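Undergrad: Each residue of the sequence shown is one higher than the last, beginning at 1 in the UniProt record's numbering. We treat Cβ as the ideally placed atom computed from N, Cα and C, and that holds for glycine. Source: prediction; values computed, not measured.
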Amino acid sequence: VNVLGDTTVEPDEEFTVTLSNPTNATIATATATGIIQNEDVAAPLPTITLAVSPTSVTEDGTPNLIYTFTRTGSTTNTLDVNYTIGGTATNGSDYTNIGTSVT
C-alpha cells in the first residue's frame, strides 16, 4: 500500500486488510493492520502583546494613554481577545468609557 502524504494535522490513521474466501487454502492470519503516523505539526498560535505609551499622563494634560495590542504570527484566522479593566481609576469618570474586547 503506497501511502499518500498530506499536510493536514490529524490523528494517526489505521489501514486494515482482511483476507476472506480462500480457494485451496486456509487462512492462518486473516487481518493485518498498519498505522499511518501523522508527522504534520500544527502552526503555532499567534501571540498578543499589550503595551501602553506613554505610561503616565496628567489629568488635564495631553497626550492620552495609548494601549496597543500587537498580533504576531499567522493572520489566517480571525482572533478575538477579551480584557479586564482594573486599578483605582474609574471607567467613565476618570477616563472615557471603553469596552472589554478587541478584534
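When the Cα atoms are used, what is the spatial distance from N64 to L4?
TA: The residue given as residue 64 occupies position 64 in the sequence shown. The residue given as residue 4 occupies position 4 in the sequence shown. Their backbone Cα atoms lie some 57 Å apart in a straight line.
Undergrad: Per the contact definition of three or more C-beta pairs closer than 8 Å, is the stretch 6-14 in contact with the stretch 26-40?
TA: A contact exists between the stretch 26-40 and the stretch 6-14.
Undergrad: With a Cβ-Cβ cutoff of 7 Å, do T47 and T72 count as a contact?
TA: In the sequence shown, residue 47 corresponds to position 47, counting from 1. In the sequence shown, residue 72 corresponds to position 72, counting from 1. Yes, the Cβ-Cβ distance between T47 and T72 is below 7 Å.
Undergrad: Just checking my contact of N91 with N82 at CB under 8 Å: how many whole Å lie between their CB atoms?
TA: Looking up residue 91 in the sequence shown gives position 91. Looking up residue 82 in the sequence shown gives position 82. Going by Cβ atoms, the distance from N91 to N82 rounds to 15 Å, so no, they are not a contact pair.
Undergrad: Which residues in the same chain have their Cβ closer than 8 Å to the Cβ of A89, if we skip the five residues on either side of it in sequence?
TA: As a first step, residue 89 is located in the sequence shown; it is residue number 89 there, counting from the start. Correct list, in chain order: Y95.
Undergrad: Express the C-alpha separation of S93 and E59 in angstroms, rounding to a whole number.
TA: Stepping through the sequence shown from its first residue, residue 59 is reached at position 59. Stepping through the sequence shown from its first residue, residue 93 is reached at position 93. Rounded to whole angstroms, E59 to S93 spans 12 Å at the Cα level.
Undergrad: With the cut-off set at 7 Å, would you say A30 and L45 are in Cβ contact?
TA: Start at 1 with the first residue of the sequence shown, and residue 30 comes out as number 30. Start at 1 with the first residue of the sequence shown, and residue 45 comes out as number 45. Their beta carbons are not under 7 Å apart, which means A30 does not touch L45 by this criterion.
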